[in-house]
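*Asks:* Have a look at the structure that comes next, please.
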Amino acid sequence: MKIMNGRDLKNLLYEQVARVGKALASPKRLEMLEMLAQGEKSVESLADTVAVDIKLASAHLRALKEARLVQSRRDGKRMLYRLSGHDVAQLGVTLRHVAAEHLLELRMALQQMMAEPERLAQVGRKDLLTQAKRGEVVVIDVRPQDEYDTAHLPYARSMPLTELAHRLAELPRDVQIVAYCRGPFCLMSDEAVALLRKRGFNARKMFDGVSEWRTAGLCVSREQPPA
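For the sequence shown, counting from 1, position 82 maps to 85 in our numbering; every step adds exactly one.
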């Protein structure tokens with residue numbers, strides 16, 4: 004191996020870190036990473052969710068894979084992708100926090116999502132965990148079932164948004180319902196809260212998802228596979 008001088012070595016170090024930055028320099032790739040933070044996904048599923056064709060989705064995933072941010076495996080005719088580690092999801096959370104701190108445009112967009120503060124859960128993460136454990140609130144995860152099975156907040160019930168209207172009888176009316184989905188940019192929890200409040204429930208949403216919970220150093224739960 005050739006011994007590099009100091010300048011060449013420094014250039015190489017920054018160049019390698021820049022590979023990650025280049026891979027993240029696309030809104031669609033960031034959205035894909037958020038989706039993959041929920042669990043393994045097929046190319047077709049990712050393409051549908053981020054509203055691009057399969058060819059473009061494959062190109063985005065290839066860029067993420069070249070930066071070692073995602074891994075892939077073949078399942079029959081399908082190609083499945085997953086994050087290379089939880090630290091990739093945490094990187095997405097950190098990037099979003101920095102952007103919100105310094106970009107007025109992002110803060111204004113987020114304020115639109117908080118236009119009705121009475122719909123937001125007003126309790127901190129640890130207090131919410133304690134209340135959920137005691138049954139003082141009911142936390143519902145409105146993501147698809149497979150995402151819940153991969154990882155979910157402790158004491159949360161799986162109530163996918165597509166099933167919620169037909170499962171209202173399973174929810175108590177004498178305690179507050181707190182809904183969450185994939186994180187601050189996900190709108191499924193907004194739809195869930197709107198439906199629940201229309202049906203007379205005391206419902207609020209939280210911005211956290213599994214990635215935010217992990218980044219804060221809190222535990223998540225996993226569905227145990229059947230014996």
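Backbone N, C-alpha and C fix where the C-beta goes; we use that ideal spot for every residue, glycine too.
Can the beta-carbon of Trp216 be found closer than 7 Å to that of Leu174?
*Replies:* Contact check for Trp216 against Leu174 fails: the beta carbons are separated by 7 Å or more.
*Asks:* The beta strand (DSSP E) that contains Arg225, what's its start and end?
*Replies:* Taken as a continuous stretch (DSSP letters only), Arg225 belongs to no beta strand (DSSP E), as it is neither H nor E.
*Asks:* Taking Cβ to Cβ, would you say Ile57 is nearer than 7 Å to Ala50?
*Replies:* yes
*Asks:* When we look at the beta-carbon of Met162 and count the other beta-carbons within 10 Å, is it buried (16 or more) or exposed?
*Replies:* buried
*Asks:* Going by other Cβ atoms of all chains shown within 10 Å of its Cβ, with 16 needed for buried, is Leu33 buried or exposed?
*Replies:* buried
*Asks:* What is the rounded straight-line gap between the Cα of Ala219 and the Cα of Gln93?
*Replies:* 9 Å
*Asks:* Using the beta-carbon count (16 or more within 10 Å), is Ala172 buried or exposed?
*Replies:* exposed
*Asks:* For a minimum of 4 consecutive residues, which ranges assigned as the alpha helix (DSSP H) are wholly contained in the stretch 150-204?
*Replies:* Whole alpha helix (DSSP H) segments, 4+ residues: 164-167 and 191-201.
*Asks:* Check whether the stretch 134-149 touches the stretch 181-188, counting contact only when three or more Cβ pairs, one atom from each stretch, lie closer than 8 Å.
*Replies:* yes
*Asks:* Would you check if there are 3 or more beta carbon pairs closer than 8 Å linking the stretch 15-28 to the stretch 123-132?
*Replies:* Put simply, the stretch 15-28 does not touch the stretch 123-132. Fewer than three CB pairs are less than 8 Å apart.
*Asks:* So is Pro229 buried or exposed if we call it buried at 16+ other beta carbons inside 10 Å?
*Replies:* Note that Pro229 has pLDDT 36, beneath the 50 cutoff, so the model's placement of it is unreliable and no number is given.
*Asks:* Looking at the secondary structure, which residues open and close the beta strand (DSSP E) in which Lys5 lies?
*Replies:* Annotation: Lys5 is outside any beta strand (DSSP E) and is labelled neither H nor E by DSSP.
*Asks:* Please report how far the alpha carbon of Leu98 lies from the alpha carbon of Ala28, in whole angstroms.
*Replies:* 11 Å
*Asks:* So the beta strand (DSSP E) Val101 belongs to, where does it begin and stop?
*Replies:* It is not in any beta strand (DSSP E) - Val101 instead sits in the alpha helix (DSSP H) that spans His89 to His105.
*Asks:* CA-CA distance, Val20 and Gly127?
*Replies:* 34 Å
*Asks:* Could you name the residues of the same chain whose beta carbon sits closer than 7 Å to that of His89, not counting the 5 residues immediately before and after it, in chain order?
*Replies:* Closer than 7 Å at the Cβ level, and outside the excluded window around His89, lie Arg217.
*Asks:* At the level of alpha carbons, what is the spacing between Leu221 and Ile6?
*Replies:* Going from the Cα of Leu221 to the Cα of Ile6 covers about 44 Å.
*Asks:* Could you pull the DSSP bridge partners for Ser75 from this structure?
*Replies:* Tyr84
*Asks:* Is it buried or exposed for Gln227, if we count other Cβ within 10 angstroms and need 16 for buried?
*Replies:* Low confidence applies here, because Gln227 scores a pLDDT of 49, under 50, leaving its location unreliable; read the following figure in that light. The residue in question, Gln227, is exposed, as its Cβ has fewer than 16 Cβ neighbours within 10 Å.
*Asks:* Closest by CA to Gln114, which one among Asn205, Tyr17, Phe188 and Phe204?
*Replies:* Considering only alpha carbons, the answer is Phe188.
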